[in-house]
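Trainee:
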């Protein structure tokens, strides 16, 4: 039987989160950080630990079938690769930054200036779209020190919290790209491996739904059941269980994490009481 070959970073910010996602999907991996390739016992999958910058080429060439990789890297490498699922972790931005004593936030500040970056393709395309001509200096690492040593007037780099910029006397001005970890696949996937991928993707989506949702229980007056049910749109229909107390019922449903407090406030206003919130491990729809 074929095995789905998946690439993940052998080190770096995506490594731990990628392994955790596999674990949440019921795919248990032996510690293989010092190996190039590791087989999975309970799922038809092989894991390849690769350098982050090599993953897009491996995908395009069909050496690996899928990969967990930063969206920003795929945009930069400009390969023929399809993103099939955003994963919600390792969120960051590719942004322009300048010395904090520079007042202007306008993109035209960079007209005729020097910009240091490890994302030359992303930067070049952005500058062209905005009709800005600048001198791009390609640096493989520690881009944030470039203005301090007189190499550049600003930088274009990946930004998460912004603490690294702050430590180096820089501030973020313009965001070129918002990025997160994604599951991407090669264009050379066979039909048999495509079936395995669908099973894997099904598990991933069940995990992601659970992380973005909360199970909710509450007691409500019977005359409020219909009104309160309309506030709970995640599932097809909430579960309604009569209570021992006359004219009262318990409603069970699911709410989105993003609208959590908004929904809770609305439920209370409509008469819900004794509201309990429970985390969800997996959510299959």
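Residue numbers (this note's numbering): 66 to 350.
Virtual Cβ for every residue (Gly too), placed ideally from N, Cα, C.
1) What's the gap between the Cα of residue 101 and the Cα of residue 81?
2) Here's a check: name, in chain order, each residue in its chain whose Cβ is nearer than 7 Å to the Cβ of residue 68, leaving out the five neighbours to either side.
3) Just the Cα atoms here: how many angstroms apart are residue 185 and residue 192?
4) Measure the alpha-carbon distance for residue 247 versus residue 309 and round it to whole angstroms.
5) Quick check: what's the CA-CA separation for residue 271 versus residue 89?
6) Use the C-beta contact count for residue 265: other C-beta atoms within 10 angstroms, 16 or more gives buried, fewer gives exposed.
7) Judging by CA-CA distance, which residue of 274, 160, 125, 284 is the nearest neighbour of residue 143?
8) Check residue 136 in the structure and name its three-state DSSP category.
9) Measure from the alpha carbon of residue 251 to the alpha carbon of each residue in 127, 234, 239, then state which is nearest.
10) Should residue 279 go down as buried or exposed, given a rule of 16 or more other Cβ atoms within 10 Å for buried?
11) Look at the alpha carbon of residue 160 and the alpha carbon of residue 151, and state the distance between them as a whole number of angstroms.
12) How is the alpha helix (DSSP H) around residue 324 delimited, first residue to last?
13) Excluding the five sequence neighbours on either side, which residues of its own chain have a C-beta within less than 8 Å of the C-beta of residue 145, listed in chain order?
14) Quick one: Cα of residue 211 to Cα of residue 333, how far?
15) Are the Cβ atoms of residue 295 and residue 314 separated by less than 9 Å?
16) Is the beta carbon of residue 244 less than 9 Å from the beta carbon of residue 136?
17) Using only alpha-carbon positions, find the residue among 72, 230, 274, 158 that is nearest to residue 323.
Mentor: With the given structure in hand:
1) Numbered from its first residue, the chain shown carries residue 101 at position 36. Numbered from its first residue, the chain shown carries residue 81 at position 16. If you take the alpha carbons of residue 101 and residue 81, they lie about 16 Å apart.
2) As a working mapping, residue 68 is identified with position 3 in the chain shown. Within the same chain, residue 68 has close Cβ partners 109, 110, 111.
3) In the chain shown, the residue the question calls residue 185 occupies position 120. In the chain shown, the residue the question calls residue 192 occupies position 127. One C-alpha to the other measures close to 10 Å.
4) Position 182 of the chain shown, counted from the first residue, corresponds to residue 247. Position 244 of the chain shown, counted from the first residue, corresponds to residue 309. Rounded to whole angstroms, residue 247 to residue 309 spans 48 Å at the Cα level.
5) On the chain shown, position 206 is the one that residue 271 refers to. On the chain shown, position 24 is the one that residue 89 refers to. The straight-line gap from Cα to Cα measures roughly 10 Å.
6) Working through the chain shown from its first residue, we reach residue 265 at position 200. Counting Cβ neighbours within 10 Å, residue 265 comes out buried, since at least 16 surround it.
7) As a first step, residue 143 must be located in the chain shown, where it is residue number 78. With distances taken between Cα atoms, residue 143 lies closest to 125.
8) For the purposes of this step, residue 136 is taken as the residue at position 71 of the chain shown. Residue 136: helix per DSSP, three-state reduction.
9) Residue mapping note: residue 251 aligns to position 186 of the chain shown, counting from 1. Of the candidates 127, 234, 239, the one whose C-alpha sits nearest the C-alpha of residue 251 is 127.
10) Numbered from 1 along the chain shown, position 214 holds the residue referred to as residue 279. Buried, by the Cβ-count rule.
11) As a position in the chain shown, residue 160 is number 95, starting the count at 1. As a position in the chain shown, residue 151 is number 86, starting the count at 1. Using only the alpha carbons, I get a separation of about 20 Å.
12) In the chain shown, residue 324 corresponds to position 259, counting from 1. DSSP places residue 324 outside any alpha helix (DSSP H), giving it a letter other than H or E.
13) In the chain shown, counting from the first residue as 1, residue 145 sits at position 80. Contacts found: 125, 252.
14) Taking the chain shown and counting its residues from 1, one reaches residue 211 at position 146. Taking the chain shown and counting its residues from 1, one reaches residue 333 at position 268. The alpha-carbon atoms of residue 211 and residue 333 are separated by roughly 54 Å.
15) Numbered from 1 along the chain shown, position 230 holds the residue referred to as residue 295. Numbered from 1 along the chain shown, position 249 holds the residue referred to as residue 314. The answer is no: Cβ separation not under 9 Å.
16) Counted from its first residue, the chain shown places residue 244 at position 179. Counted from its first residue, the chain shown places residue 136 at position 71. It is a contact, given that the beta carbons lie within the stated cut-off.
17) On the chain shown, residue 323 is found 258 positions in, with the first residue counted as 1. Of the listed residues, the one whose Cα sits closest to residue 323 is 274.
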